[in-house]
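Trainee:
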Amino acid sequence: MPQYVFRCAGGHRYLVRMSMSEVTAERLCPCGKRAVRVFTSPVIVMRPPNYSASPNDPAYWEGIHEDPQYLPCQIAPARDGEAVTEGELRDLCALAREAT
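Residue numbering for the sequence shown follows our numbering, beginning at 1191 and increasing consecutively.
(1) What does DSSP give as the partner residue(s) for residue 1207 in the beta ladder?
(2) Can you tell me where the beta strand (DSSP E) holding residue 1216 begins and where it ends?
(3) Measure the CB-CB distance between residue 1226 and residue 1216 and report whether it falls below 7 Å.
(4) Just the C-alpha distance for residue 1206 and residue 1242, rounded to the nearest angstrom, thanks.
(5) What does residue 1227 pair with, by DSSP beta-bridge criteria?
(6) Would you mind sorting residue 1218 into buried or exposed? The rule is 16 or more other CB atoms within 10 Å of its CB.
(7) Going by CA-CA distance only, name the one from 1279, 1275, 1229 that's closest to residue 1214.
(8) Within a Cβ cutoff of 7 Å, which residues of the same chain sit near residue 1220, ignoring the five residues on either side of it in sequence?
(9) Output needed for residue 1268: all residues of its chain with C-beta closer than 6 Å, excluding positions within five of it in sequence on either side, in chain order.
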């Protein structure tokens, strides 16, 4: 299931995991402020040349023992470096409320 990054008016950035049919441009942040979706670049996955070959075909096994060749487009961050999960943000907001 995809993860989406949201940023609220309070400056919090957090990740939400939801299906593509459920995603909206806005949602309520755990801190209570309105959050908007931050658009990020997609992760690109490339299949090997012999992906569709049958395991009985010798071409299927070509290169299996070689080191993979990574292209720059295949190396992508798993998540926004500044974003936390929605649960982590909920905990941080609760701690901030307790401290005041």
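The beta carbon of each residue, even a glycine, is placed where N, CA and C say it ideally should be.
Mentor: In short:
(1) Checking the DSSP bridge columns, you'll see residue 1207 partnered with 1193.
(2) 1216-1218
(3) yes
(4) As the crow flies, the alpha-carbon of residue 1206 is around 33 Å from that of residue 1242.
(5) 1196
(6) exposed
(7) 1229
(8) 1276, 1279, 1280, 1283
(9) Residue placement at residue 1268 cannot be trusted, given a pLDDT of 47 that sits under 50; the coordinates are not used to answer.
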